[in-house]
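Asks:
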Amino acid sequence: MPRRRAGRRWRVVGVPVLGAVALVYAFPLYWLLVTALKGEGELYRATPSLFPHEPTLAAFSSVLVTRRFFVLLENSIIVCGATVLIALAIGFAVTYPITRLKVSRRLRVGVLNWALSLRFLPPVAVVVPYFAIVRGLGLYDRPEALVLIYTIFNLPFSIWMLKGFLAEIPPEVEEAAFVDGASRWVAFTRVLLPLAAPGILASGVIIFSFAWSEFLFALILTASPQAQTFPVGVQGLVTQFEIIWNDMAAAGAIAIAVPLGLMVLARRYVLAGLTFGVIRGQ
Amino acid sequence: MKRWVGLSILTGVAVLALAALLASSGLVAAQGAKLVIAAVAGNESLGLKAVAPMYEREHGVKLDIVEMPYPTLYEKLVTTFQAGAPTYDLVMLDDPWMPKFGTEEWLTPLDSTYGFKRDRDIPNVIYEVGTWPPPRGPVPPSEKAKPKHLLGITVVGNVEMFMYRKDLSPAPKSWDEVLTNAKKFNKPGSMAGYVVRGAATNPIVADFLPILWSFGGDVFDANWNVVIDSPASLRAVKFLVQDLKGVAPSGSENIDAADRSRLMAIGQAYQSTVWPGEVTGIVENPKVSKVIGKVGFIPMPAGPSGKGYGMMGNWLLAIPKASKNGGAAAAFITWVTSPKVQKTYAEAGGIPARKSILNDPAMNKANPYFSALAKSLEAVPNWRPRTDQWNAVETILGTNLNATLAGLSTPEEATKKAATEIRALMKKAGY
Amino acid sequence: MESASGSGLQAESASPDRRKRGHGFESRQERLAYAILLPVLGTVFVVVTYPLLFAVGQSLRATRGGDFVGLQNYASALENPLLYDALGATGIYAGIVLPTEILAGLGLALLVHRTVRSPRARLALYVFATIPIVIPPVAVGVIARLIYAPGYGVLNHLLMLAGVVQAEIPWLSRRDTAMLAVSSVDVWQWTPFVYLVFFAGLQTVPRESIDAAQVDGATGWTMFSRIELPYLRPLFLMVLFWRIADVLRVFDHIFILTGGGPGSTTQLLSVYLYRVAFKFFDTGEAAALAVMVMLAMSLLYAAATRLLPLERD
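Protein chains in written order, with the numbering used here: chain C, 1 to 282; chain G, 1001 to 1431; chain F, 2001 to 2313.
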């Protein structure tokens, strides 16, 4: 039958291609981990070794303890957490009206358009005035400045994703609550929020990941471990006066592990969110 | 409707509470006797990091050393000073940055405010490099009327030197000899004749300036006219990007200090310029080096002009005006440059600036480059042009040198382009 | 019932009771909506727009001294040949990265859609595909350094082991290879995103259409172009604009991998702006550049909203 033959042809091509793709993605991550597990002496071999001859966690302890990157880790978690809370709150404040209330199509489209426009804002252009403003407000080297900026840049995502998830929930659900005598607020908190919980979780994880990855503003607007975030620390290890590739790799590995861990934990919900609400976790 | 007003107020309160939480956590962290030092990431800070616990034990003051890569440190210092933020109590600055910081008056004078006096054991040139306006050489037009002040004291006595495998050949006396030896020992794939530190901006300029001066060229003349496109300068450029590149390993355009020292340490390089920090951290580091005892250190070889010009690259400790702990910071500077501490500092891998330590025979055994360093300091090495625009000039020159090293332009084009851009820059800056 | 872009629920599913109640109820809902939206959007609008206006102000002042100098900063920004190098570099980067990501993403989506049947395998692939997206670009830059750097980069080592090359390739030192290196990082990180979008889009193609087409004897190309492509077209544009917006903002991994070099080959627009603002500290010219970039982005955005189906009613 034509279907089966076509399937077989695809499979012949498919398996090696997928295998190659898997290799292309797995190897760099493997290499990062391997480099992070090498001791200082191993970095002085004539050619790089593909597995560590004497694997050690020295690089990780050097990064977290000796270089005190655990402070940067804390900063990142606090800043990203605050960003998630505020971005979601504002996101709800914007998407609730346009999905649950009867508003003109123009308003709805207008808000979504404006959210999209924020996505086109290049950070490096905005950082020029922001630097001067932050200075003027006395917020230089303060985590609050970062929270403010990260919230703004993640609002588009928050709005888009919450809109997608909220729009999926039929209005009948809320109407049932109204019929039972609940006020709008109660319907929101007792009925809508629990139903939207997977969406909120997904949005939260994604916003956290994007805020976690942010580098340029953190680099410009912070100056000390008081407010520096982890990505700034990672870049700080790309130094030309020392051979510390293992430390650099360890920092990179930790930087990847945090959002990755969150992503894996919340995978089902996140997938739906990332693709503009097109698919649901299967 | 009222519920929604309530909701927005609630949200506002929550946000403010969050902000307050963050703010208070910041405040709490600021208490306690401590000094925040902005330092450069790398071997140059080894000594500082080693003596910090000692200071804490002796004086009860904690040192928070914030390390940053070289280019980031400069940018961070400028942005912090522009913001007038009291973030740093002490800053480690590379001496070429002194003109900018001095012109903008971001540093507290050590002599008039804290009573620092000259110590005979410290070479005079060290005090000169930390003084603004500069006591000799061309002075930027806007600075001519200012009184001279000591703004920083050297904590890393860096002078750029030359290293070569002394077990393979005697010391080269001139750059021509350097090239001859390089060609003799160059074996692509196993030993490079000379390693060009060619990464763009600061690295390649640092590698290039001693060669430029030895050939009789320069970036500016005594009146701030740009002379990087003079015939002597052009010859120096060609020597670097054609002759030396011919005996250098591939990828020079991205090789920086630690990379070339590493090649030396694993026996894959025959000679190169070197900063003392790389020596203690890599080339003579018993934990990683395979060539201990085989490397000779000498002042810069001479060029066609007949003279060899070493280049200063001191790291100075200075106190920002915005710091709230000036007194404590000054006390630390006095402590760390005292003879007793400098000895411990040097033993830990730091680079001292005291003649007594550099000429001490016991210390010389442990650190073979000390006598070369002492000689370089005595010979009064050159320093980089004392202009507040130096960082921009270095970026322009370094980018163009890097481009011609990579073969993207000819040396003639590169020098012309650099000269034009630098002229425009200096004009805009009022020179 | 799934909807591709969360289209207006209100119009379709308003119950008959709702409609009967008429204007009073609807306008009350609208008033409530505006009551919530106005303060929130208003605040955000101010917080976002103020810096833009501030930047305009900065761009009209001299860097040294702050006197009003009119359009002088714009003139000097436009006279600098490095600006055009940066635009060119950005164009080349986009020209490499966008087609590669879209074609590769689409190809992989089709491949998996056709060959991988088990839902568990598909879910596993979903999870794997989201991994590169959440990796911080600085970390990807670090990985790229460990692969491409001279001396310790593992790529040369692997190529020499495999016998493909005899001598080290100086990836970051040559114009063409440096651009390829930074582009490869972008492709590596973002192709999975494109894959996810298209794969999800392929899922929305109704089973009946596929079956009907197969009964009619449709094969490979026809199946794709007649049946699946129409469902993918809106996603295609969406992905294109999203990626273009991202490519024009790219900074982190280039900063770490090449810093803009060799020369100014990989000095893309954001790297160039960074150089003017934070290496040369020329605030006036940087602000002028920032304003021009933002103007260009608004044009792009205007084009995006015209062409993108944001709301499918």
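The beta-carbon is built from N, C-alpha and C at its ideal position, and this holds for glycine as well.
In whole angstroms, what is the alpha-carbon distance linking F:Val2048 and C:Ser203?
Replies: What you label residue 2048 of chain F is simply residue 48 of the third sequence in a count that begins at 1. What you label residue 203 of chain C is simply residue 203 of the first sequence in a count that begins at 1. Roughly 22 angstroms separates the two Cα atoms.
Asks: In angstroms, rounded to a whole number, what distance separates the CA positions of G:Gly1267 and G:Leu1405?
Replies: As a working note, residue 1267 of chain G is residue 267 in the second sequence. As a working note, residue 1405 of chain G is residue 405 in the second sequence. The alpha-carbon atoms of G:Gly1267 and G:Leu1405 are separated by roughly 24 angstroms.
Asks: Are G:Tyr1309 and G:Asn1382 close, meaning C-beta to C-beta below 8 angstroms?
Replies: Numbered from its first residue, the second sequence carries residue 1309 of chain G at position 309. Numbered from its first residue, the second sequence carries residue 1382 of chain G at position 382. In this structure, G:Asn1382 lies closer than 8 angstroms to G:Tyr1309 by Cβ.
Asks: First and last residue of the alpha helix (DSSP H) that includes G:Phe1162?
Replies: In the second sequence, the residue the question calls residue 1162 of chain G occupies position 162. Careful: G:Phe1162 lies outside any alpha helix (DSSP H), inside the beta strand (DSSP E) at Val1159 to Arg1165.
Asks: Tell me the start and end of each unbroken beta strand (DSSP E) in the segment 1087-1140 of chain G that is at least 3 residues and wholly inside, in chain order.
Replies: Complete beta strand (DSSP E) runs here, min 3: 1090-1094.
Asks: In whole angstroms, what is the alpha-carbon distance linking G:Leu1046 and C:Ile243?
Replies: Position 46 of the second sequence, counting from 1, holds the residue named residue 1046 of chain G. Position 243 of the first sequence, counting from 1, holds the residue named residue 243 of chain C. Looking at the two C-alpha atoms, the distance is approximately 13 angstroms.
Asks: Go ahead and label G:Ile1292 buried or exposed: buried means 16 or more other beta carbons lie within 10 angstroms of its beta carbon, across all protein chains shown.
Replies: To locate residue 1292 of chain G, count along the second sequence from 1; it is residue 292. With fewer than 16 Cβ atoms within 10 Å of its Cβ, G:Ile1292 is classed as exposed.
Asks: Can you check whether the CB of C:Phe215 is closer than 8 angstroms to the CB of F:Pro2192?
Replies: Taking the third sequence and counting its residues from 1, the one referred to as residue 2192 of chain F is at position 192. Taking the first sequence and counting its residues from 1, the one referred to as residue 215 of chain C is at position 215. Not in contact: F:Pro2192 and C:Phe215 (Cβ atoms no closer than 8 angstroms).
Asks: Within 8 angstroms of any Cβ in chain C, is that where the Cβ of F:Pro2230 sits?
Replies: For the purposes of this step, residue 2230 of chain F is taken as residue 230 along the third sequence, with counting starting at 1. Closer than 8 angstroms: no.
Asks: For the beta strand (DSSP E) containing G:Leu1035, list its first residue and its last residue.
Replies: Against the second sequence, residue 1035 of chain G aligns to sequence position 35. Lys1034 to Val1040 is the span of the beta strand (DSSP E), which, as asked, contains G:Leu1035.
Asks: Is the beta carbon of C:Leu88 closer than 8 angstroms to that of C:Ile200?
Replies: On the first sequence, position 200 is the one that residue 200 of chain C refers to. On the first sequence, position 88 is the one that residue 88 of chain C refers to. Yes. Within cutoff.
Asks: What first and last residue would you give for the alpha helix (DSSP H) that runs through F:Phe2281?
Replies: Stepping through the third sequence from its first residue, residue 2281 of chain F is reached at position 281. Note, F:Phe2281: premise wrong, no alpha helix (DSSP H); not H, not E.
Asks: Reducing DSSP to helix, strand and coil, say where F:Glu2079 ends up.
Replies: By one-based count along the third sequence, residue 2079 of chain F stands at place 79. The answer is helix: DSSP assigns F:Glu2079 an H, G or I state.
Asks: Are the Cβ atoms of G:Ile1153 and G:Ile1333 separated by less than 8 angstroms?
Replies: Counting from one through the second sequence, the residue named residue 1153 of chain G turns up at place 153. Counting from one through the second sequence, the residue named residue 1333 of chain G turns up at place 333. Yes. Within cutoff.
Asks: Does C:Lys38 have its Cβ less than 8 angstroms from a Cβ in chain F?
Replies: Here residue 38 of chain C refers to the residue found at position 38 of the first sequence. With 8 angstroms as the cut-off, C:Lys38 does not count as an interface residue toward chain F.
Asks: Give me the chain G residues within the contact set of F:Phe2278, using Cβ-Cβ distance strictly less than 9 angstroms, ordered along the chain.
Replies: Position 278 of the third sequence, counting from 1, holds the residue named residue 2278 of chain F. By Cβ distance, chain G contributes Glu1075, Val1078 and Thr1079.
Asks: Can you tell me which residues form a DSSP beta bridge with G:Gly1296?
Replies: For this step, residue 1296 of chain G is matched to residue 296 along the second sequence. DSSP output for G:Gly1296 lists G:Tyr1164 as bridge partner(s).
Asks: Residues of the segment 1040-1074 of chain G in Cβ contact with chain C at a cutoff of 8 angstroms, in chain order, please.
Replies: Cβ contacts with chain C: Val1040, Ala1041, Gly1042, Asn1043, Glu1044, Asp1064, Val1066, Glu1067, Met1068, Pro1069, Tyr1070 and Thr1072.
Asks: When you compare the CB positions of F:Thr2258 and F:Arg2175, do they come within less than 8 angstroms of one another, or not?
Replies: Residue numbering aside, residue 2258 of chain F sits at position 258 when the third sequence is read from its first letter. Residue numbering aside, residue 2175 of chain F sits at position 175 when the third sequence is read from its first letter. Not a contact, by the Cβ cut-off of 8 angstroms.
Asks: Going straight from the alpha carbon of F:Arg2145 to that of F:Arg2064, what length do you get?
Replies: Residue 2145 of chain F sits at position 145 when you count from the first residue of the third sequence. Residue 2064 of chain F sits at position 64 when you count from the first residue of the third sequence. Answer to the nearest angstrom: the Cα atoms are 38 angstroms apart.
Asks: Okay, do the segment 1409-1416 of chain G and the segment 1371-1390 of chain G touch, 3+ Cβ pairs below 8 angstroms being the bar?
Replies: No, because fewer than three Cβ pairs between the segment 1409-1416 of chain G and the segment 1371-1390 of chain G fall closer than 8 angstroms, the two stretches do not touch.
Asks: So, at 8 angstroms on beta carbons, what are the nonlocal neighbours of C:Leu29 in its own chain, with the 5 sequence-adjacent residues on each side left out?
Replies: Position 29 of the first sequence holds residue 29 of chain C. Around C:Leu29: Ile256.
Asks: Rounded to whole angstroms, what is the Cα-Cα separation between G:His1149 and G:Lys1365?
Replies: Here the question's residue 1149 of chain G lines up with position 149 in the second sequence. Here the question's residue 1365 of chain G lines up with position 365 in the second sequence. Answer to the nearest angstrom: the Cα atoms are 37 angstroms apart.
Asks: Given a limit of 7 angstroms on CB to CB distance, which residues of the segment 2121-2148 of chain F reach chain G?
Replies: Taking 7 angstroms as the Cβ-Cβ cut-off against chain G, none of the residues of the segment 2121-2148 of chain F qualify.
Asks: Taking DSSP as the reference, what is the three-state secondary structure of C:Asn113?
Replies: By one-based count along the first sequence, residue 113 of chain C stands at place 113. Three-state result, C:Asn113: helix.
Asks: Determine, using beta carbons only, whether C:Ala177 comes closer than 8 angstroms to chain F.
Replies: The residue labelled residue 177 of chain C in the question sits at position 177 within the first sequence. By this cut-off, C:Ala177 is not an interface position.
Asks: Would you say G:Val1288 lies against chain C (beta-carbon separation less than 8 angstroms)?
Replies: For this step, residue 1288 of chain G is matched to residue 288 along the second sequence. Yes, contact with chain C.
Asks: Taking the alpha carbon of C:Ala250 as the reference point, which residue from C:Ile86, C:Glu174, C:Trp31 and C:Phe153 has its own alpha carbon closest?
Replies: Position 250 of the first sequence, counted from the first residue, corresponds to residue 250 of chain C. Of the listed residues, the one whose Cα sits closest to C:Ala250 is C:Trp31.
Asks: Can you check whether the C-beta of C:Tyr269 is within less than 8 angstroms of a C-beta belonging to chain F?
Replies: Within the first sequence, residue 269 of chain C is the residue found at index 269, counting from 1. No - not a single Cβ of chain F is within 8 angstroms of the one on C:Tyr269.
Asks: DSSP state of G:Pro1320, grouped into three classes?
Replies: As a working note, residue 1320 of chain G is residue 320 in the second sequence. Here G:Pro1320 sits in strand by DSSP.
Asks: So G:Asn1158 packs on G:Ile1351, CB below 8 angstroms; how close in whole Å?
Replies: Locating residue 1158 of chain G in the second sequence gives position 158, where the first residue counts as 1. Locating residue 1351 of chain G in the second sequence gives position 351, where the first residue counts as 1. Yes, G:Asn1158 and G:Ile1351 are in contact; Cβ-Cβ is about 6 angstroms, under 8 angstroms.
Asks: Quick check: what's the CA-CA separation for C:Val12 versus F:Gly2107?
Replies: Here residue 12 of chain C refers to the residue found at position 12 when the first sequence is read from its first residue. Here residue 2107 of chain F refers to the residue found at position 107 when the third sequence is read from its first residue. Taking the straight line from one Cα to the other gives about 15 angstroms.
Asks: DSSP on C:His53, reduced to helix/strand/coil?
Replies: Counting from 1 along the first sequence, the entry for residue 53 of chain C is found at position 53. Looking at C:His53 - three-state DSSP - the assignment turns out to be coil, as it is neither helix nor strand.
Asks: Check for me: the beta strand (DSSP E) holding G:Glu1067 runs from which residue to which?
Replies: In the second sequence, counting from the first residue as 1, residue 1067 of chain G sits at position 67. Taken as a continuous stretch (DSSP letters only), the beta strand (DSSP E) holding G:Glu1067 covers Lys1062 to Met1068.
Asks: Between the Cα of G:Asn1223 and those of G:Leu1401, G:Thr1103, G:Lys1321 and G:Arg1136, spot the shortest distance and give me the residue it belongs to.
Replies: Residue mapping note: residue 1223 of chain G aligns to position 223 of the second sequence, counting from 1. Closest option to G:Asn1223, Cα to Cα, is G:Arg1136.
Asks: Of the residues G:Lys1049, G:Ser1214, G:Met1054 and G:Gly1277, which one's Cα is nearest the Cα of G:Met1300?
Replies: Translated into positions along the second sequence, residue 1300 of chain G becomes position 300. Taking only the C-alpha atoms, the option nearest G:Met1300 is G:Ser1214.
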